Amino acid sequence: MGLRIERIPTLGDNYTYLIVCEDTGEAGVVDAPEEQPVHDRVDAAGAKVVKVLSTHHHPDHSMANPKLAERYSVPVFGHASDGGRLPGLTDGLEEGDTVSVGNQTARILFIPAHTKGDIAYVFDDAKAIFCGDTLFAAGCGRIFEGTPEMMYTALVEKLGTLPDDYRVFCGHEYTESNVAFAAHTEPDNAAVRKMHRRVQEIRKNAAADWHDATPTEMTIPTTIGDERATNPFMRAKDAAALGQIRAEKDSF
Ligand code: ZN
Ligand code: FE
Numbered sequence: 539m540g541l542r543i544e545r546i547p548t549l550g551d552n553y554t555y556l557i558v559c560e561d562t563g564e565a566g567v568v569d570a571p572e573e574q575p576v577h578d579r580v581d582a583a584g585a586k587v588v589k590v591l592s593t594h595h596h597p598d599h600s601m602a603n604p605k606l607a608e609r610y611s612v613p614v615f616g617h618a619s620d621g622g623r624l625p626g627l628t629d630g631l632e633e634g635d636t637v638s639v640g641n642q643t644a645r646i647l648f649i650p651a652h653t654k655g656d657i658a659y660v661f662d663d664a665k666a667i668f669c670g671d672t673l674f675a676a677g678c679g680r681i682f683e684g685t686p687e688m689m690y691t692a693l694v695e696k697l698g699t700l701p702d703d704y705r706v707f708c709g710h711e712y713t714e715s716n717v718a719f720a721a722h723t724e725p726d727n728a729a730v731r732k733m734h735r736r737v738q739e740i741r742k743n744a745a746a747d748w749h750d751a752t753p754t755e756m757t758i759p760t761t762i763g764d765e766r767a768t769n770p771f772m773r774a775k776d777a778a779a780l781g782q783i784r785a786e787k788d789s790f
C-alpha cells in the first residue's frame, strides 16, 4: 500500500498536507500555519501523527508547529540552518538526509533561494514532492534570501531532473495567476494554453472561503512533466534569464 495525501486548505490560499502511510496509519503534517483544520482532518482520517515536516520557516507554513508538536508529542523537521527561526524545529535536516513516515521514506533536497533554508521532501515510492514556496504550479516563489543562480539550481538542476510522473505538491494555490503569466511569457506554448484552460475550468466554481475548498477546486498536484512543459522558470535557459522572468513576474 502507499502514501495517501490529503490536501487541507489553510489561510487564504495555502496548502497543508496530511500524508498517511496506508500500511501503518502513521502520518506526517506538511506545512501547517493553522492548528484546527489539521486536527479536524486527523480525527476524520483516524491517523496517528508522528512528525511535522516544514519546507521553510515562513509563518504561513509553520506557525502551528509548536501547537501541533505539543498536541501529538511529535518532532518538527526542517533545514538545520533554520534553528532559531523555524517555529518548533527539533530535528535539523541536510541535503541527502532521509525522513520516514510509517513505511514511506523521503529524501531531502536542499533548495535555498526563496529563503536560505528551503528544503523539498521527495517520496520516491509514492512519486510525491513537497516543495513549499520554491516550485509552484507554473511558477516559483519570490527570491527573498537567495539569488537567481540559486533558484535556477533548485528548479532546473534539482527538482527539474526528477521523473516526469512525480507529483508536485506546492505551498499555495497560485496556479491561475501563474499560468496567466506563463501564457504572457510564452504565447506560442500549446501546453501552457492547454493548462490555462484546464486551470480556469477547475477554478471557475471555487469556494469564496478557501477553507471550504474541496479537491475539485484544487489545481494541485501537477507533475514534474507538466512543469517542464509549462513553467517559465523551469524553462529558463539560464540563471540570468530566470532572474529576468522573476523580475517581470514581480510586477505582473
Ligand atoms: Zn514562503
Ligand atoms: Fe508561503
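Under the numbering used here, the first residue of the sequence shown is numbered 539, with each subsequent residue one higher. A virtual CB, placed ideally from N, CA and C, is assigned to each residue, including glycine. Here the structure is a predicted model, which means the values were calculated and not measured.
Query, Result
"Thinking C-beta only, is E560 closer than 8 angstroms to R542?", "yes"
"If you follow the beta strand (DSSP E) that I667 is in, where does it begin and where does it stop?", "666-670"
"Could you check whether the segment 669-683 touches the segment 771-784, counting it as contact only if at least three pairs of C-beta atoms, one from each stretch, sit closer than 8 angstroms?", "yes"
"Would the beta-carbon of D788 be found less than 7 angstroms away from any heavy atom of the ligand FE?", "no"
"With a cut-off of 6 angstroms, give the chain-ordered residues whose Cβ is closer than this to any heavy atom of the ligand FE.", "H596, D598, H599, D671, G709, H710"
"Touch check for the segment 730-738 and the segment 687-702: three-plus C-beta pairs under 8 angstroms?", "no"
"Regarding G550 and the ligand ZN, is the C-beta to nearest heavy atom distance less than 7 angstroms?", "no"
"Where does the unbroken beta strand (DSSP E) through K586 begin, and where does it stop?", "586-591"
"Does any heavy atom of the ligand ZN sit closer than 7 angstroms to the C-beta of G679?", "yes"
"Would you call Q574 buried or exposed, if buried means 16 or more other Cβ atoms sit within 10 Å of its Cβ?", "exposed"
"Does the contact criterion of 3 or more C-beta pairs under 8 angstroms hold for the segment 749-759 versus the segment 655-663?", "no"
"Provide the residue span of the alpha helix (DSSP H) that contains S715, from first to last.", "713-723"
"Report yes if the C-beta of H617 is less than 7 angstroms from at least one heavy atom of the ligand ZN; otherwise report no.", "no"
"Exposed or buried, which one is K742 when buried takes at least 16 other CB atoms within 10 Å?", "exposed"
"Between R680 and D788, is the Cβ-Cβ spacing less than 8 angstroms?", "yes"
"L556 lies in the beta strand (DSSP E); which residues open and close that run?", "552-559"
"One question on the structure: do I783 and C708 come within less than 8 angstroms of each other, judged by their Cβ atoms?", "no"
"CA-CA distance, S611 and Y553?", "23 angstroms"
"Is the distance from the Cβ of L606 to the Cβ of V637 below 8 angstroms?", "no"
"Write down the C-beta distance between G634 and H617 rounded to the nearest angstrom, noting that I regard them as a contact closer than 8 angstroms.", "Wrong, their Cβ atoms sit about 12 angstroms apart, outside the cutoff."
"With a cut-off of 8 angstroms on the beta carbons, I'd call V590 and V558 a contact; round off their distance for me.", "With 8 angstroms as the limit, V590 and V558 do not qualify as a contact, their Cβ atoms being about 14 angstroms apart."
"Nearer than 7 angstroms: is that true of the beta carbon of H722 relative to any heavy atom of the ligand ZN?", "no"
"Count the other CB atoms, across all protein chains shown, that sit within 10 Å of the CB of P725; report buried if there are 16 or more and exposed otherwise.", "exposed"
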